[in-house]
Amino acid sequence: MSASRSDIAAQATAARPFSERREKLMLLLANRQGMVGLVLVLAFFASAIFAPWLAPYDPNALDIPVRLSGPTWDHWAGTDSLGRDQFTRLLYGARVSLGIGVSVAFLSTLIGVTVGVLAGFLGGWVESVLMRLTDIALMVPPLIFLIIGARMMQDKLSGGAIWPLIFLVTVVSWMTIARVIRGQVLALREREFVEAARALGAKKRRIIGRAILPNLIGIITVNLTIAVAGAILLESTLSFLGLGVQVPTPTWGNMLDSAKSFIETEPYLVWFPGLAIVITVLCVNFVGDGLRDALDPTQRKT
Amino acid sequence: MWIYALKRCGLAVVIVFCALAALFALLHMIPGDPVSIALGPRATPEVQARYAEKMHLDEPLVVQFGIFVGNAITGDLGMDVFSERSVTLIVLDQLPFTIVLALAGLGWAVILGIPLGCLSAVRPNSWLDRVTGLVSVGTIAVPSFLVSIWSLLVFSVMLGWLPVLGAGDPGDLGDQIYHLILPAFAVGLGWVGYLARLVRASMLEVMGENYIRAAWAFGLPRRTVVYRYALKVAILPTITLIGIGFGNLLSGTVFAEIIFSRPGLGKLIFDMVMNRNFPVVQGAVLVTAALYVVVALVADLVVAWTDPRVRESL
Amino acid sequence: MSAAQSDGGGAPLLRVDDLRATYDTEGGVVRAVDGVSFELRHGEVLAIVGESGSGKTATSLALLDLLPKHIGKVVGGSAEFDGIDLTKLSAADMRAVRGARIAMIFQDALTALNPVHKVGKQISEMIRAHQRVPRSQAWERAVDLLEMVGIPNPRERASNYVHEFSGGMRQRAMIAMAIALEPEILIADEPTTALDVTVQAQVLDVLLGLRERLGMSIILITHDLGVVARAADRVMVMYGGRKIEEQTTEGLFANPQHPYTKGLLRSMPRLDSVIGDRLTQIPGAPPSLVNPSEACRFAPRCDFARPICDEQYPAQVSIGSGSQVACHAAGDPTWETNT
Numbered sequence: 001m002s003a004s005r006s007d008i009a010a011q012a013t014a015a016r017p018f019s020e021r022r023e024k025l026m027l028l029l030a031n032r033q034g035m036v037g038l039v040l041v042l043a044f045f046a047s048a049i050f051a052p053w054l055a056p057y058d059p060n061a062l063d064i065p066v067r068l069s070g071p072t073w074d075h076w077a078g079t080d081s082l083g084r085d086q087f088t089r090l091l092y093g094a095r096v097s098l099g100i101g102v103s104v105a106f107l108s109t110l111i112g113v114t115v116g117v118l119a120g121f122l123g124g125w126v127e128s129v130l131m132r133l134t135d136i137a138l139m140v141p142p143l144i145f146l147i148i149g150a151r152m153m154q155d156k157l158s159g160g161a162i163w164p165l166i167f168l169v170t171v172v173s174w175m176t177i178a179r180v181i182r183g184q185v186l187a188l189r190e191r192e193f194v195e196a197a198r199a200l201g202a203k204k205r206r207i208i209g210r211a212i213l214p215n216l217i218g219i220i221t222v223n224l225t226i227a228v229a230g231a232i233l234l235e236s237t238l239s240f241l242g243l244g245v246q247v248p249t250p251t252w253g254n255m256l257d258s259a260k261s262f263i264e265t266e267p268y269l270v271w272f273p274g275l276a277i278v279i280t281v282l283c284v285n286f287v288g289d290g291l292r293d294a295l296d297p298t299q300r301k302t
Numbered sequence: 303m304w305i306y307a308l309k310r311c312g313l314a315v316v317i318v319f320c321a322l323a324a325l326f327a328l329l330h331m332i333p334g335d336p337v338s339i340a341l342g343p344r345a346t347p348e349v350q351a352r353y354a355e356k357m358h359l360d361e362p363l364v365v366q367f368g369i370f371v372g373n374a375i376t377g378d379l380g381m382d383v384f385s386e387r388s389v390t391l392i393v394l395d396q397l398p399f400t401i402v403l404a405l406a407g408l409g410w411a412v413i414l415g416i417p418l419g420c421l422s423a424v425r426p427n428s429w430l431d432r433v434t435g436l437v438s439v440g441t442i443a444v445p446s447f448l449v450s451i452w453s454l455l456v457f458s459v460m461l462g463w464l465p466v467l468g469a470g471d472p473g474d475l476g477d478q479i480y481h482l483i484l485p486a487f488a489v490g491l492g493w494v495g496y497l498a499r500l501v502r503a504s505m506l507e508v509m510g511e512n513y514i515r516a517a518w519a520f521g522l523p524r525r526t527v528v529y530r531y532a533l534k535v536a537i538l539p540t541i542t543l544i545g546i547g548f549g550n551l552l553s554g555t556v557f558a559e560i561i562f563s564r565p566g567l568g569k570l571i572f573d574m575v576m577n578r579n580f581p582v583v584q585g586a587v588l589v590t591a592a593l594y595v596v597v598a599l600v601a602d603l604v605v606a607w608t609d610p611r612v613r614e615s616l
Numbered sequence: 617m618s619a620a621q622s623d624g625g626g627a628p629l630l631r632v633d634d635l636r637a638t639y640d641t642e643g644g645v646v647r648a649v650d651g652v653s654f655e656l657r658h659g660e661v662l663a664i665v666g667e668s669g670s671g672k673t674a675t676s677l678a679l680l681d682l683l684p685k686h687i688g689k690v691v692g693g694s695a696e697f698d699g700i701d702l703t704k705l706s707a708a709d710m711r712a713v714r715g716a717r718i719a720m721i722f723q724d725a726l727t728a729l730n731p732v733h734k735v736g737k738q739i740s741e742m743i744r745a746h747q748r749v750p751r752s753q754a755w756e757r758a759v760d761l762l763e764m765v766g767i768p769n770p771r772e773r774a775s776n777y778v779h780e781f782s783g784g785m786r787q788r789a790m791i792a793m794a795i796a797l798e799p800e801i802l803i804a805d806e807p808t809t810a811l812d813v814t815v816q817a818q819v820l821d822v823l824l825g826l827r828e829r830l831g832m833s834i835i836l837i838t839h840d841l842g843v844v845a846r847a848a849d850r851v852m853v854m855y856g857g858r859k860i861e862e863q864t865t866e867g868l869f870a871n872p873q874h875p876y877t878k879g880l881l882r883s884m885p886r887l888d889s890v891i892g893d894r895l896t897q898i899p900g901a902p903p904s905l906v907n908p909s910e911a912c913r914f915a916p917r918c919d920f921a922r923p924i925c926d927e928q929y930p931a932q933v934s935i936g937s938g939s940q941v942a943c944h945a946a947g948d949p950t951w952e953t954n955t
């Protein structure tokens, strides 16, 4: 009896045999846009991680004589109003922005997948409660929630803490994936190997772990990637409003915030951090699209 | 049609009520003394006392909510304890600016985005289609505050074509319109690409439908087939999405208002949050939620008015 | 005396000669219509019969330049209609022909009528696309037409939407639309396939009645031999993008020539068949039309195929008054093709 159960589970995990996996890898590698995005994103991550070694200056070293210098040989991206090197701060800003982006993406995906799987698999009142909760959360305008929330947690943010931001952005980011996952689980629940596992009396936890989750890997990966882009946008927005990461810790958003006072005289201060955001978000989205094309044929673009 | 409209309005009222309850809960969920939380350390004891009285803080939470709802229905959103002005009046002062900005932004996005999407769908893979596709992908990655900053930088600072700040001279309509151009551009830009993509996708789908082939077969002129037959159906999902996406559009107006120093609901909410003046925030958010629901309602009614099949489904 | 009989001997209304049309697909260029020739006479009902993919619908779409945009196109041949070659018409001239002189109705009226316009509105719009008449007058005409095709309460019904009509009524509404400008030719693509049997008969009667009344010719595209027997004067059988047989309806049912036609007739249930007789089906699948070889396209499924069938496509052989067949066995008395 136990042998046949694990057979069923093995059959479920083997729904994606090796050759198929390799085919997907090939599809991903063949996607030019996705590969360019992936290379750039990896480069961004590398420069964020190795910022202390790559950066030519100390991110917080003030050098008042060269303040607002504009791009020069010494300061590739110019200096800000306190003479700090912009390029260095962009590199260090990437640490914060990408760090928050990845943390939020993982946390919100974790919450979303948990809610989606539980709702889809258990059904009944669990599903009703969880999905109503999701609907209500979707109705809250994210920006207003973030502004009010960040204002309420201002003391902690002023102390240099980052986790309140991760918490707040996660709160407004998990709903979409929860809905998508629930839909997928509802469809999977009717598939033969899940039915068979249930008929053989497999425990619910085992069915979820061995039969359902492996089939959601593709869609989870895609949403995880896209969530990084969304979180970076929200973080930079909050920081731009002065409600996110507080100075002197540099992020692309708060660099833009302090740059906007100099917009008339020093436009380069506005261009570079903005471009950093746009290029990163664009590349992450390209990777996400590439992954979707490779892993999730149902949502493939034509 | 009328029954549908009535049902849909009832649903709208329920949604506003839920939003109200959520907001109320959010603002009262913060632990600690509600008076100092709500007003912050800046408030004098007199202000605090007045606030406690105005907000019926001695009553249980449910009663407070009831009183707030009761007052809100009669149009009384409470009193700003700092300026002693009616919140309703404060909000109503700002509301027209936001509505005009949102409509102007949406307006030019619709006027440009829908024909673009339509033309791309009629001639797939033409240069127009490629450019439209590129622009729509590009604008998604640019957050709306960046659009505002960059357009300010390019059109006001670098080119000097348009004014930088403010909403223009209150008495001078021309000046007001002149000041509206840039913020409206910033608010609408992301929507041009978005709408173009939506319309293109649904047009391509509809153009493949049987009744379009039949319309050609009956010798209807191209204009009639493309614009009266195909677009009328293809536009429906777009209208619904505009209704739902109006919340996003309002977020865009927040940045445009902050960056261009324009009065408006978004700037009001932001300023009042920063000042911890939560009674005003409460009122302003409620009006925003109502605005959002009304727009979604109008969008649904337009769809129902256009598509007889929807009318019967609800 | 029907129009068909009175006009039968005159010059044809439509003369299609060696018509070729292709579809560009991912798998390659599909030769959907591969050198089809036929004539349609005044007041006649010509049935085009074949399974899906045989090119019967593509032929009619090619005539009206309605092949799917960017994918399908006419690549050769001619279609002479009242002194003009349809394949050489400009888009504007073709538009004037479509609907007004050659109209077409489709299988699924629910999807072929516009869901967001009232039925009467669609008919009057169609009239106004071709004739300068005031809106109100076009609407009155639409109501008259709905009445003519047997829709009860036409005045009320004109203000309804398609989804408020029953299946048979939808098909009638589409017929009303198609005959609005009294076209000389009506192409009916599987007009009764989606309908219940009783409704099928009613719709066919409406079509035939209108043929008498308006003196129009009908091209009836169908795979249903019952419909053919009931309505058609002449039948043309298509297989693999080509015409393989053409006969009068009586001739075809009494004396089918091509093995494929014989197979089709055997697969048709008959009232007089002995109980216990199995309905036969033609085994195998229709051929791929991407780069077809010069072999007879039916050879792989043909019980009587000989080596020559795999080598060259049979020529069209005339077998008496207006009847033709494309089979190597035709005219060879030693080549038995009956089971």
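Chains as they are written, first to last, in the numbering used here: chain A, 1 to 302; chain B, 303 to 616; chain C, 617 to 955.
Idealized CB from N, CA, C, for every residue including glycine.
Task: CA-to-CA distance, B/Leu405 to B/Gly545, given in whole angstroms - done: Distance between the alpha carbons of B/Gly545 and B/Leu405 is about 12 Å.
- [ ] Return no unless some Cβ of chain B is closer than 9 Å to the Cβ of C/Val732.
- [x] Any Cβ of chain B closer than 9 Å to the Cβ of C/Val732 would place that residue at the interface, and such an atom is present.
TODO: Starting from B/Val412, find everything on chain A with Cβ-Cβ shorter than 7 Å and list it in chain order.
DONE: Residues of chain A passing the Cβ test: none, with the nearest at roughly 22 Å.
Task: Beta carbon proximity, B/Ser553 to chain A, threshold 9 Å - done: Chain A contact via Cβ: present.
Task: Three-state secondary structure (DSSP) of B/Val444 - done: In the three-state scheme derived from DSSP, where H, G and I count as helix and E and B as strand, B/Val444 is classed as coil.
- [ ] State yes or no: is the C-beta of B/Val371 within less than 9 Å of the C-beta of B/Phe319?
- [x] Contact: yes.
- [ ] Tell me, to the nearest whole angstrom, how far the beta carbon of B/Gln584 is from that of B/Leu403; I am working on the premise that it is less than 8 Å.
- [x] Between B/Leu403 and B/Gln584 the Cβ distance is about 22 Å, and since that is not below 8 Å, they are no contact.
- [ ] Hey, could you find the ends of the beta strand (DSSP E) A/Asp230 is sitting in?
- [x] This sequence places Gly at residue 230 of chain A; Asp is not what is there. Run containing A/Gly230: none in the beta strand (DSSP E); it sits in the alpha helix (DSSP H), 217-240.
Open item on the list: With a threshold of 8 Å, are at least 3 pairs of Cβ atoms found where one atom belongs to the segment 869-885 of chain C and the other to the segment 625-643 of chain C?
Closed with: The count of Cβ pairs closer than 8 Å, one atom from the segment 869-885 of chain C and one from the segment 625-643 of chain C, stays below three, leaving the stretches out of contact.
TODO: Taking the CB atoms as reference points, tell me whether A/Leu143 and B/Ser553 lie closer together than 9 Å.
DONE: In contact: A/Leu143 and B/Ser553 (Cβ atoms closer than 9 Å).
- [ ] Report yes if the C-beta distance between C/Arg858 and C/Arg922 is below 9 Å; otherwise report no.
- [x] No, these two residues do not count as a Cβ contact at 9 Å.
- [ ] Inspect the CB distances between the segment 930-939 of chain C and the segment 668-687 of chain C and report whether three or more fall short of 8 Å.
- [x] In the pairwise beta carbon analysis, the segment 930-939 of chain C is classified as not touching the segment 668-687 of chain C: fewer than three pairs are separated by under 8 Å.
Open item on the list: Can you find the residues in the same chain that come closer than 6 Å, C-beta to C-beta, to B/Val556, ignoring five residues on each side of it along the sequence?
Closed with: So the qualifying residues of the chain are Gly568.
Task: Selected residue, minimal CA-CA separation from C/Val661, among C/Pro872, C/Ser740, C/Gln863 - done: Considering only alpha carbons, the answer is C/Gln863.
- [ ] Out of A/Arg22, A/Leu25, A/Gly34, state which residue places its alpha-carbon closest to the alpha-carbon of A/Val287.
- [x] Of A/Arg22, A/Leu25, A/Gly34, the residue nearest in Cα terms is A/Gly34.
- [ ] Below 8 Å on the Cβ atoms is my guess for B/Met574 versus B/Ala532; work out the distance and round it to an integer in Å.
- [x] Contact flag wrong, Cβ pair sits at about 47 Å.
TODO: Report the rounded CA-to-CA distance for A/Leu91 versus B/Ala591, giving the unit in angstroms.
DONE: Between the C-alpha atoms of A/Leu91 and B/Ala591 there is a straight-line separation of about 39 Å.
TODO: Under 9 Å between beta-carbons, which chain B residues line up against A/Val278? List them in chain order, please.
DONE: Going along chain B in sequence order, the residues near A/Val278 (Cβ under 9 Å) are Gly440, Ala443, Val444, Pro445, Leu448.
Open item on the list: Given a cut-off of 9 Å on the beta-carbon distance, is the pair C/His839 and C/Ser668 in contact?
Closed with: Yes, they are a contact pair.
TODO: Taking only the alpha-carbon atoms, compute the straight-line gap between C/Ile891 and C/Phe869 and give it to the nearest angstrom.
DONE: At C/Ile891, the pLDDT of 48 sits below 50, so the modelled position is not reliable; the number obtained from the coordinates is stated separately. The alpha-carbon atoms of C/Ile891 and C/Phe869 are separated by roughly 21 Å.
Open item on the list: Under DSSP, the beta strand (DSSP E) around C/Tyr639 begins and ends at which residues?
Closed with: It spans 630-641 - the beta strand (DSSP E) in which C/Tyr639 sits, taken as one unbroken run.
Task: Local conformation of C/Val765 per DSSP, three classes - done: The answer is coil: DSSP assigns C/Val765 none of H, G, I, E or B.
Task: C/Met720 in three-state terms, based on DSSP - done: Residue state, collapsed to three classes: strand.
Open item on the list: Please report the straight-line C-alpha distance between C/Asp919 and C/Met854, rounded to a whole angstrom.
Closed with: Distance between the alpha carbons of C/Asp919 and C/Met854 is about 18 Å.
Task: In chain order, each alpha helix (DSSP H) run of at least 4 residues that lies wholly inside the segment 507-542 of chain B - done: Fully enclosed alpha helix (DSSP H) runs of 4 or longer: 512-519.
Open item on the list: Between the alpha carbons of B/Leu430 and B/Leu418, how many angstroms are there, rounded?
Closed with: Their Cα atoms are separated by approximately 8 Å.
Task: C-alpha gap between C/Val713 and C/Ala848, whole angstroms - done: Using only the alpha carbons, I get a separation of about 24 Å.
Open item on the list: Let me make sure I understand the geometry here. Which of A/Leu243, A/Asp85, A/Leu168, A/Ala43 has the alpha-carbon closest to that of A/Phe272?
Closed with: It is A/Asp85 whose Cα lies nearest to the Cα of A/Phe272.
Open item on the list: Relative to the C-alpha of A/Pro214, which candidate in A/Gln184, A/Val278, A/Leu165 has its C-alpha closest?
Closed with: Considering only alpha carbons, the answer is A/Gln184.
TODO: Check the Cβ-Cβ distances between B/Thr590 and every residue of chain A, and say whether any is below 9 Å.
DONE: B/Thr590 counts as touching chain A.
TODO: Examine the Cβ distances between the segment 756-767 of chain C and the segment 600-610 of chain B and report whether three or more of them are shorter than 8 Å.
DONE: Too few Cβ pairs lie closer than 8 Å, so no.
Task: Cβ neighbours of A/Val41 in the same chain (closer than 7 Å, five flanking residues each side left out) - done: Listed in chain order, the non-local C-beta contacts of A/Val41 below 7 Å within the same chain comprise Cys283, Val284, Val287, local neighbours out to five positions each way being set aside.
Open item on the list: Using a Cβ-Cβ cutoff of less than 7 Å, which residues in the same chain neighbour C/Asp893 once the five nearest sequence positions on both sides are dropped?
Closed with: With a pLDDT of only 47 at C/Asp893, under 50, the local geometry of the prediction cannot be trusted, and no value is derived from it.
Open item on the list: I need the straight-line Cα distance from A/Ile277 to B/Ile479, nearest angstrom please.
Closed with: Those two C-alpha atoms are separated by around 31 Å.
TODO: Under 7 Å Cβ to Cβ from A/Gly311, same chain only, skipping five residues before and after it: list those, please.
DONE: Any question about residue 311 of chain A goes unanswered here, given that chain A covers just 1 to 302.
Task: DSSP three-state assignment for C/Val890, whether helix, strand or coil - done: Since pLDDT at C/Val890 reaches only 49, below the 50 mark, its modelled position is unreliable, and no value is offered.
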